[in-house]
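Participant:
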Amino acid sequence: DYLSGRLPNKLCEQITAASARGELVALPRTIQTEVNCWLEDLQRNKRQDLEKSIAILVGAGYSVSPTKVSDYKMIDIFSLMQACSSSVCLWEPTLLDYQNAEQRTSGRLPPYPKNKEGEEMRDRVIWCQILRMSSGGDNPIIIVSGDTIFKNGADSTEGLDAKILSISDENELDQYLGKRPPHIDA
2 DYLSGRLPNK
12 LCEQITAASA
22 RGELVALPRT
32 IQTEVNCWLE
42 DLQRNKRQDL
52 EKSIAILVGA
62 GYSVSPTKVS
72 DYKMIDIFSL
82 MQACSSSVCL
92 WEPTLLDYQN
102 AEQRTSGRLP
112 PYPKNKEGEE
122 MRDRVIWCQI
132 LRMSSGGDNP
142 IIIVSGDTIF
152 KNGADSTEGL
162 DAKILSISDE
172 NELDQYLGKR
182 PPHIDA
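Take 2 as the starting number for the sequence shown in the working numbering and just add one per residue.
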């Protein structure tokens with residue numbers, strides 16, 4: 002779906018449902034950058050596979066049209082999300098977010114990732130943004146991620162005080178949004 006320039010239907014439905022409930026759907030810049038790099042790698046690999054396939058077929062005497070793979074267009078996850086709902090916003094980290102994340106990473110301070118010895122700087126930047134955006138618990142925040150650091154953070158005193166909830170997968174998100182799991186409807 003992503004390489005075709007759209008979000009998977011389920012994700013788009015979830016974004017639309019959250020927006021319809023009046024929830025702000027936010028994408029931290031750090032995640033945008035990480036996902037965009039992943040999408041670029043997917044595109045590059047697909048292009049290489051197509052080029053190899055064309056070369057094999059031409060080498061075997063087949064006529065192939067087109068003979069070249071067209072250049073790919075950069076895909077931006079934020080743009081794809083906004084296509085589902087114009088209320089999706091991008092969260093920019095502040096210098097203070099980076100400094101707080103650096104302090105937590107260097108000092109090996111909570112919340113802890115799955116591997117306490119791992120740096121997890123990107124996740125700590127996101128965590129610091131979430132804390133800042135929660136405004137001391139005035140703005141409850143739900144983070145959808147299977148990463149242990151966010152579950153540990155949400156379960157900590159700091160996370161509970163900030164009213165942060167960690168949802169680990171799409172089924173949990175569906176339940177939060179009021180949708181019944183598929184196996185119940187069956």
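For every residue, glycine included, the Cβ atom is placed at its ideal position computed from N, Cα and C.
Between the region 92-105 and the region 126-133, do at least 3 Cβ pairs fall closer than 8 Å?
Facilitator: yes
Participant: Quick check on the DSSP output: the beta strand (DSSP E) that includes L161 runs from which residue to which?
Facilitator: As a working note, residue 161 is residue 160 in the sequence shown. Where L161 is concerned, there is no enclosing beta strand (DSSP E), although the alpha helix (DSSP H) it sits in stretches over 158-162.
Participant: Indicate whether at least one CB of chain B lies closer than 8 Å to the CB of A163.
Facilitator: Here chain B cannot be found, since the structure has a single protein chain.
Participant: Taking R175 as the reference, which of K164, A163, I143, R105 has the closest Cα?
Facilitator: Start at 1 with the first residue of the sequence shown, and residue 175 comes out as number 174. In the sequence as displayed, the identity of residue 175 is Asp instead of Arg. Minimum Cα distance to D175 is reached at I143.
Participant: Mind checking whether F79 and L8 have CB atoms under 8 Å apart?
Facilitator: Indexing the sequence shown from 1 puts residue 79 at position 78. Indexing the sequence shown from 1 puts residue 8 at position 7. L8 is positioned such that its CB atom lies no closer than 8 Å to that of F79.
Participant: If I measure Cβ to Cβ from Q15 and keep anything under 8 Å in the same chain, skipping five residues before and after, which residues do I get?
Facilitator: Residue 15 sits at position 14 when you count from the first residue of the sequence shown. Contacts found: E171, L174, D175, L178.
Participant: So for I189, helix, strand or coil by DSSP?
Facilitator: Residue 189 is absent from the structure shown; the chain starts at 2 and stops at 187.
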